[in-house]
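Numbering (UniProt numbering), first residue to last: 1 to 94. One structure is given here, and the rest of the page talks about it.
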């Protein structure tokens, strides 16, 4: 049985939100596939660029933060989509 470490470390609610965010980020990347396919990878492992090469998430006792690395040159519309996704999941008031 596969153990979800996010559930173990952060609890059920945060783990579900992290899963939703990851899936949403993959959707954003898929919607912009041509953009990423035409960019060189930021690392030696992948042939093409990927969205996950451009952002960082921090999870600690104060909460979850999201931002782009300083040298990220992503299109501003993609960055905006990512921030909207993050805020809709982690900063929405239910």
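Backbone N, C-alpha and C fix where the C-beta goes; we use that ideal spot for every residue, glycine too.
- Taking C-beta separations shorter than 7 Å and ignoring five residues to either side along the sequence, the partners of residue 29 in its chain run 36, 50, 51, following chain order.
- For residue 65, the enclosing beta strand (DSSP E) has its first and last residue at 63 to 68.
- Under the 10 Å beta carbon count, residue 18 is surrounded by 16 or more other beta carbons and is classified as buried.
- Residues 53 of the same chain have their beta carbon placed closer than 8 Å to that of residue 43, with the five preceding and five following residues left out of the count.
- Rounded to whole angstroms, the Cβ separation of residue 4 and residue 14 is 11 Å, and the two are not in contact under 8 Å.
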